[in-house]
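Single-structure report; data block below.
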Amino acid sequence: MGQMGQLGRARSVGRGRVSPVRRRAGGFSLWTLLVVIFFVIGVALPALRAIPSLTEYFSVKRAASYAKQKATNKREVVEYFDKQATIDRIAVVRGEDLQIREDENGTIQSVDFAYRTEVPVYGPLSLLISYSGTQH
Numbered sequence: 001m002g003q004m005g006q007l008g009r010a011r012s013v014g015r016g017r018v019s020p021v022r023r024r025a026g027g028f029s030l031w032t033l034l035v036v037i038f039f040v041i042g043v044a045l046p047a048l049r050a051i052p053s054l055t056e057y058f059s060v061k062r063a064a065s066y067a068k069q070k071a072t073n074k075r076e077v078v079e080y081f082d083k084q085a086t087i088d089r090i091a092v093v094r095g096e097d098l099q100i101r102e103d104e105n106g107t108i109q110s111v112d113f114a115y116r117t118e119v120p121v122y123g124p125l126s127l128l129i130s131y132s133g134t135q136h
């Protein structure tokens, strides 16, 4: 027989026994499924629930930046921030909560804010996220 005839035969081991070729089955195992479920419940779900809070943080940051750019004194910073907060539906910070720093000439140097938000995850479990920012 040539080489082609030998390739098609099963390998014999020992006394005429043919060894089965074992292949690992493809797909998910039970452990893989449990790890995926744990990841979704433990990491992805809280992250998804925190997205609205993160969006609100960027709105606060944008409103503080806008107020700093437009205003010439502390009172105007508060007014501009409150107007923008009404438009963007910001409820976590008010204009009077801002820390506004001025130089000796009365020019606004920075507008700071800090607040905490509680994000319910499931049942009695929730995340407490602290946000802060400075607009120069």
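According to full-length UniProt numbering, the stretch in the sequence shown is residues 1 to 136, in order. All residues carry an ideal CB built from backbone N, CA and C; glycine is no exception. Note that the structure is a prediction, hence the values are computed from the model and not measured.
Bounding residues of the beta strand (DSSP E) (the contiguous stretch that carries residue i)
i: ILE100; result: 99–102
i: THR32; result: Note, THR32: premise wrong, no beta strand (DSSP E); alpha helix (DSSP H) at 30–39.
i: ILE108; result: 108–122
Residue i (DSSP reduced to helix, strand or coil)
i: ILE129; result: strand
i: VAL78; result: helix
Distance, residue j Cα to residue i Cα
i: ARG89; j: PHE39; result: 33 Å
i: HIS136; j: VAL111; result: 7 Å
i: THR117; j: VAL92; result: 8 Å
i: SER130; j: TYR57; result: 10 Å
i: TRP31; j: SER53; result: 33 Å
i: THR86; j: VAL119; result: 22 Å
i: PRO124; j: GLN109; result: 42 Å
i: VAL35; j: ALA47; result: 17 Å
i: ILE41; j: TYR115; result: 27 Å
i: ALA67; j: GLU96; result: 12 Å
i: LEU127; j: THR107; result: 38 Å
i: SER59; j: GLY27; result: 44 Å
i: LEU98; j: ASN105; result: 20 Å
Run of the alpha helix (DSSP H) containing residue i, from where it starts to where it stops
i: ARG62; result: 45–70
Integer Cβ distance of residue i from residue j, believed to fall under 8 Å
i: GLU102; j: LYS61; result: Not confirmed; about 20 Å, so no contact.
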